[in-house]
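Written below as structure tokens is the structure these notes are about.
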Amino acid sequence: MKVRPSALIWRQNANHTEILLMRYQYGGQDVFALPGGSPDRGETLPETIAREIQEELGVSVEIGEMILAGEMLLTQRNNDVLHIVFAARNVVGEPKLNPDETTALELVWKPLSELDNLNLYPNIGSRLQSWFSSATYPGYVGRIEQQYFG
1 MKVRPSALIW
11 RQNANHTEIL
21 LMRYQYGGQD
31 VFALPGGSPD
41 RGETLPETIA
51 REIQEELGVS
61 VEIGEMILAG
71 EMLLTQRNND
81 VLHIVFAARN
91 VVGEPKLNPD
101 ETTALELVWK
111 PLSELDNLNL
121 YPNIGSRLQS
131 WFSSATYPGY
141 VGRIEQQYFG
């Protein structure tokens with residue numbers, strides 16, 4: 001099983017919260033993901049996220065608490081993946097996509113209210129929305145049901 005830590009980066013804009021997402025295109029569909037990546041040998045998960053964000057977005061962040069963890073079991077197509085999402089705060093700099101470090105097509109700020117309507121990888125939009133509204137941590141969420149984007 002692969003491990004993919006990622007960062008939830010948000011900002012307040014007027015009267016709503018926006019989430020920073022990376023846009024990809026798979027099978028002719030826009031697919032959105034939180035910034036993150038694969039750990040290098042000897043790295044902790046927060047160190048991985050901080051490095052990936054610096055490389056891919058050119059900013060530094062403070063990695064905070066773990067929001068949730070869940071598995072995507074995709075053995076028929078790909079490796080199983082354990083997704084772990086951490087809160088990221090105190091962004092220093094303006095995020096800008098570095099095409100040398102990622103296959104993402106662009107960075108987008110999406111309203112929190114739209115997350116459960118997007119092709120999100122992993123499919124955790126409603127869980128992130130509930131984290132903001134209830135201030136409780138989903139913690140371990142088990143299996144994440146995911147549409148395949150081929």
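Its first residue numbered 1, the sequence shown is counted upward by one per residue in full-length UniProt numbering.
Note that CB positions come from ideal geometry on N, CA and C, so glycine has one too.
Remember, predicted model here, so these are calculated numbers, not experimental data.
CB contact flag (residue i, residue j, <8 Å)
i      : j      : result
Val31  : Asn117 : no
Met1   : Thr102 : no
Tyr137 : Gly70  : no
Leu68  : Ile124 : yes
Pro5   : Ile49  : yes
Gly42  : Ala7   : no
Nearest neighbour of residue i, chosen from the options [CA to CA]
i      : options                           : result
Tyr24  : Tyr121, Trp131, Ala104 and Ser130 : Ala104
Leu20  : Leu128, Thr136 and Pro138         : Leu128
Trp10  : Gln54, Leu68 and Ala87            : Ala87
Gly142 : Ile84, Ser130 and Val92           : Ile84
Rounded separation between residue i and residue j - CA only
i      : j      : result
Tyr121 : Trp109 : 15 Å
Leu34  : Glu114 : 14 Å
Asp100 : Val61  : 20 Å
Glu106 : Gln29  : 14 Å
Glu94  : Ser133 : 26 Å
Gly27  : Gln147 : 12 Å
Leu73  : Pro46  : 23 Å
Glu52  : Thr44  : 12 Å
Asn90  : Asp80  : 32 Å
Ile63  : Gln54  : 12 Å
Asn15  : Ile144 : 30 Å
Ser38  : Val3   : 7 Å
Lys96  : Glu56  : 8 Å
Asp40  : Val92  : 23 Å
Glu18  : Met66  : 19 Å
Whole-number beta carbon distance between residue j and residue i, since they are thought to touch under 8 Å
i     : j     : result
Gly58 : Asn98 : 6 Å
Heavy atom of the ligand NAD within 7 Å of residue i beta-carbon
i     : result
Val92 : Although the ligand NAD was asked about, the structure shown includes no ligands whatsoever.
Query raised in the report: Which whole runs of the beta strand (DSSP E) in the UniProt domain "Nudix hydrolase" (2-134) are 3 residues long or more, in chain order?
Result: Runs of beta strand (DSSP E) with 3 or more residues, each lying fully within the UniProt domain "Nudix hydrolase" (2-134), are found at 2-8, 10-13, 16-26, 29-33, 60-72, 81-92 and 106-111, listed in chain order.
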